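**Q** Below: one structure in structure tokens.
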Amino acid sequence: MRAITKKDLKIVGACVVLYAIIEALLQMNVIGSFWELNLILIAINIIMSVSLNLINGYTGQFSLGHAGFMAIGAYASAIITVKFHLPFLLAIIVGALGAGLLGFLIGLPTLRLNGDYLAIATLGLGEIIRITILNIPYVGGASGFMGIPRYTNFTWAFFVCLFTLFFIKNLVNSSHGRACISIRENEIAAEAMGIDTTRYKVIAFTIGAAFAGVAGALFAHYFYIAHPASFTFMMSFNYLTMVVMGGLGSITGSVVGAVILTFVSAALASWPEWRMIVYSIVLILLMLYRPQGLFGNVELTSLSIFKRFKGGSK
Amino acid sequence: MNLLKAEKVSKVFGGLKAVSNFDMHIEKGELIGLIGPNGAGKTTAFNLLTGVYQPTTGVIEFDGKSVVGLKPFQITQGGIARTFQNIRLFSELSVLDNVKIAYHSHVEYGLAEAVLRVGRYFREEDEIEQKAIDFLKIFKLEHKKDEIAKNLPYGEQRRLEIARALAAKPKLLLLDEPAAGMNPQETQALMEMISWIRKEFGLTILLIEHDMNLVMGICERIYVLEYGSIIAHGTPNEIKNNPQVIKAYLGEEVE
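Protein chains in written order, with the working numbering: chain G, 3 to 316; chain Y, 2 to 256.
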């Protein structure tokens, strides 16, 4: 067996052990429902931040509309389970396909823009998606889509999250992933090396959007409700903060960013007005002392000392 | 048959004629130089040949097919690779990854195979790695394969850019001032390397260069560009004694 496959299996093994421990603690009620909620949120946030990292960090296309795709996934999956009474797995897949399709359609025209212009366009698109949903009575309009069954539990969240991590990790470590990274590094040179830059930007954007849809499906099926107010641009900023904090171009970074910021906002749950202040301070300190993010573009697994602890950060 | 044929090509930027009536014929296997004073339009000509700019008028054919209207990546996939005057490496990536990326258009495994790590993934990845290392060996960079590209010394960055262009498996290689900023020893070594890779890979090479020793030393034919037009072409000896070229470079004699 190949060394990389072995390493992957070890990581999966460590993750399964971690899952078993947490699940056992949940069953024995050592971890209460508040922290269970946060564990599931962490998994969802990891899916969001890692998929956003594929777009912003690896491909270098600054997108600010990630919450919009999450909304599509949430609503599309809720329609499948509530209106058609179909299984949850199918709902997740439909959520992913719906968000991915929209990402593809939106990506084709907007990815011709660069830098700030792309950021503004995606910010606007995220809001357009939210406001469109707000005005569709079929999915509840402004009062939100109610009566969604709670299918998401820790098991679902954990394993979907694990799947996402491996999907993105394998993608960026392939020739297709390198094509995406080359766009970030130097678009003109990438084009001159025979890489269809438009195609790879759209691919990255579509895959990123599809995983945001998956996260949305898990989200809606945990909180019984999908509400347009959950998917404002503040949410997109939230995920962007996780990605930037962890390091653009590092999967481990995104995971750590998601874990830290979810904990911070859980810890500050009683003082919601302080949350944004703490976020800003964290970001300012980060920009001053570690502008490349906690991990830069390095992975935990490439630091040999930490290799065996990889499972610890999920 | 001509490998590259450009006829009556012109490029206008607003009111400025950057290139006009540009004619060039390159046979398979030739090593051609393109020279001219600063601002003569040499790099614009390169950009026209590689699809970065679209010509305002004229015909450009490569391997018998028109390349006008194609995107740069399509032209590269068709067999023209280039380097840049101001080095454009993937500067935050390792030396090895820089070369691997150029191999991308020859990769056959799809996205699904990459994500699931089945099928052709492992075999092709091993192959890419091996080929990239082979290219680095030719350019004496294999001991630096894990180095970040931007940390290489200038001369090595230039060599890496050529290695990367070669990894795209071109038939025609365009080198934009490969010896810029090199000292005489490095230039000498580069000249030898260019002649060697041309033989080894059966390449056709077109290079822009200011270093006359290099151009006169290795090129079989030379085109001279001034104010966007070809004013002369011929063997190095013909060019050396061409009064128009001397005028373009040194000015006219005072009466």
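We put the CB at the ideal spot given by N, CA and C, even for glycine.
Since the model is a prediction, treat every value here as computed from it, not as a measurement.
Along the beta strand (DSSP E) that carries Gly34 of chain Y, what are the first and last residues, could you check?
**A** Looking at the DSSP string, the run of the beta strand (DSSP E) that includes Gly34 of chain Y is 32-36.
**Q** Quick check on Glu157 of chain Y - is its C-beta less than 8 Å from some C-beta in chain G?
**A** By this cut-off, Glu157 of chain Y is not an interface position.
**Q** Comparing C-alpha positions only, which one of Y:Lys43, Y:Arg89, Y:Val216, Y:Glu239 sits nearest to Glu193 of chain Y?
**A** Glu193 of chain Y has its Cα closest to that of Y:Val216, out of Y:Lys43, Y:Arg89, Y:Val216, Y:Glu239.
**Q** Grouping DSSP H, G and I as helix and E and B as strand, with all else coil, what is Tyr153 of chain G?
**A** Of the three classes helix, strand and coil, the one that applies to Tyr153 of chain G here is coil, per DSSP.
**Q** Which one of Y:Lys72, Y:Ser106, Y:Leu167 has the shortest CA to CA distance from Thr51 of chain Y?
**A** Nearest C-alpha to Thr51 of chain Y: Y:Lys72.
**Q** Here's the rule: buried if 16 or more other CB atoms are within 10 angstroms of the residue's CB, otherwise exposed. What is Pro274 of chain G?
**A** It counts as exposed.
**Q** Between the segment 89-101 of chain Y and chain G, which residues of the former have CB atoms less than 9 Å from a CB of the latter, in chain order?
**A** Correct list: Arg89, Leu90, Phe91, Ser92, Glu93, Leu94, Asp98, Asn99, Lys101.
**Q** Below 9 Å between beta carbons is the criterion; list the residues of the segment 112-138 of chain Y that meet it against any residue of chain G, in chain order.
**A** Answer set for the segment 112-138 of chain Y: Leu112, Glu114, Ala115, Val116, Leu117, Arg118, Tyr122, Phe123, Glu125, Glu126, Ile129.
**Q** Do Ile247 of chain Y and Leu32 of chain Y have their beta-carbon atoms positioned less than 8 Å apart in this structure?
**A** Not closer than 8 Å, so no.
**Q** In whole angstroms, what is the alpha-carbon distance linking Pro255 of chain Y and Lys145 of chain Y?
**A** The sequence as given places Val at residue 255 of chain Y; Pro does not occur at that position. Cα to Cα, the separation comes out at about 54 Å.
**Q** May I ask you to report which of helix, strand or coil DSSP gives Asn137 of chain G?
**A** Note: Asn137 of chain G maps to coil in three-state DSSP.
**Q** Hey, quick one: how far does the alpha helix (DSSP H) through Thr303 of chain G stretch, first residue to last?
**A** Here Thr303 of chain G belongs to no alpha helix (DSSP H), and DSSP marks it neither H nor E.
**Q** Quick test of the definition: if touching needs 3 or more C-beta pairs under 8 Å, does the segment 138-154 of chain G touch the segment 220-227 of chain G?
**A** Verdict: yes, contact present.
**Q** Let's see if you can read the secondary structure: which residues bound the beta strand (DSSP E) around Gly59 of chain Y?
**A** Looking at the DSSP string, the run of the beta strand (DSSP E) that includes Gly59 of chain Y is 58-63.
**Q** Of all the options G:Leu173, G:Ile57, G:Trp158, G:His229, which has the alpha carbon lying nearest to the alpha carbon of Gly111 of chain Y?
**A** When each option's Cα is compared against that of Gly111 of chain Y, the closest is G:Leu173.
**Q** Is Met183 of chain Y helix, strand or coil when you go by DSSP?
**A** Of the three classes helix, strand and coil, the one that applies to Met183 of chain Y here is coil, per DSSP.
**Q** Cutting at 6 Å between CB atoms, please list the residues of its own chain near Leu35 of chain Y, excluding the five before and the five after it.
**A** The residues are Lys43, Ile209, Tyr224.
**Q** Going by the CB atoms, is the gap between Ala181 of chain Y and Gln86 of chain Y shorter than 8 Å?
**A** Yes. Within cutoff.
**Q** Could you check whether the segment 187-194 of chain G touches the segment 68-81 of chain G, counting it as contact only if at least three pairs of C-beta atoms, one from each stretch, sit closer than 8 Å?
**A** Output reads no: the segment 68-81 of chain G does not touch the segment 187-194 of chain G.
**Q** Hey, is Glu301 of chain G's beta-carbon within less than 8 Å of any beta-carbon in chain Y?
**A** Chain Y contact via Cβ: absent.
**Q** Looking at chain C, which residues of the segment 124-150 of chain G have a Cβ within less than 9 Å of any of its Cβ atoms?
**A** The chain inventory of the structure shown lacks chain C, comprising the protein chains G and Y.
**Q** Exposed or buried, which one is Asn184 of chain Y when buried takes at least 16 other CB atoms within 10 Å?
**A** Looking at its Cβ environment, which holds fewer than 16 other Cβ atoms inside 10 Å, Asn184 of chain Y is exposed.
**Q** If we define contact as Cβ-Cβ less than 8 Å, is Phe311 of chain G a contact residue for chain Y?
**A** Residue placement at Phe311 of chain G cannot be trusted, given a pLDDT of 44 that sits under 50; what the coordinates show is reported in the next sentence. No, no contact with chain Y.
**Q** Note down the Cα distance separating Leu143 of chain G from Glu148 of chain Y, rounded to an integer number of angstroms.
**A** Correcting the residue identity first, residue 143 of chain G is Gly in this sequence and not Leu. If I take the Cα positions, the gap works out to 55 Å.
**Q** Counting only beta-carbon separations shorter than 8 Å, does Arg199 of chain Y have a partner in chain G?
**A** No, because no Cβ of chain G sits closer than 8 Å to the Cβ of Arg199 of chain Y.
**Q** Where does Ala231 of chain G land, buried or exposed, given buried means 16+ other C-beta within 10 angstroms?
**A** Result: exposed.
**Q** For Ala212 of chain G versus Ala80 of chain G, is the C-beta spacing smaller than 8 Å?
**A** Their beta carbons are not under 8 Å apart, which means Ala212 of chain G does not touch Ala80 of chain G by this criterion.
**Q** Rounded to whole angstroms, how far is the Cβ of Asp177 of chain Y from the Cβ of Arg83 of chain Y, which I believe are closer than 8 Å?
**A** Yes, they are in contact, since the Cβ atoms of Asp177 of chain Y and Arg83 of chain Y sit about 7 Å apart, within 8 Å.
**Q** Verify the CB distance criterion: does Ile279 of chain G have a CB-CB separation below 8 Å to chain Y?
**A** No, no contact with chain Y.
**Q** So the alpha helix (DSSP H) Ile262 of chain G belongs to, where does it begin and stop?
**A** First-last of the alpha helix (DSSP H) with Ile262 of chain G: 253-269.
**Q** I'd like to know whether the C-beta of Arg4 of chain G is nearer than 8 Å to at least one C-beta of chain Y.
**A** Closer than 8 Å: yes.
**Q** Can you give me the start and stop residues for the alpha helix (DSSP H) that Arg159 of chain Y sits inside?
**A** Here the alpha helix (DSSP H) through Arg159 of chain Y covers 155-168.
**Q** By a C-beta neighbour count over all protein chains shown, 10 Å radius and 16 as the cutoff for buried, is Trp197 of chain Y buried or exposed?
**A** It counts as exposed.
**Q** Does Ala260 of chain G have its Cβ less than 8 Å from a Cβ in chain Y?
**A** Not one chain Y Cβ lies under 8 Å of Ala260 of chain G.
**Q** Which residues in the same chain have their Cβ closer than 8 Å to the Cβ of Leu120 of chain G, if we skip the five residues on either side of it in sequence?
**A** Cβ within range, chain order: Gln63, Phe64, Ser65, Thr112, Leu113.
**Q** Excluding the 5 residues preceding and the 5 following Glu129 of chain G in the sequence, name in chain order all residues of the same chain whose CB lies nearer than 7 Å to its CB.
**A** Cβ neighbours of Glu129 of chain G beyond the five flanking positions: Phe235.
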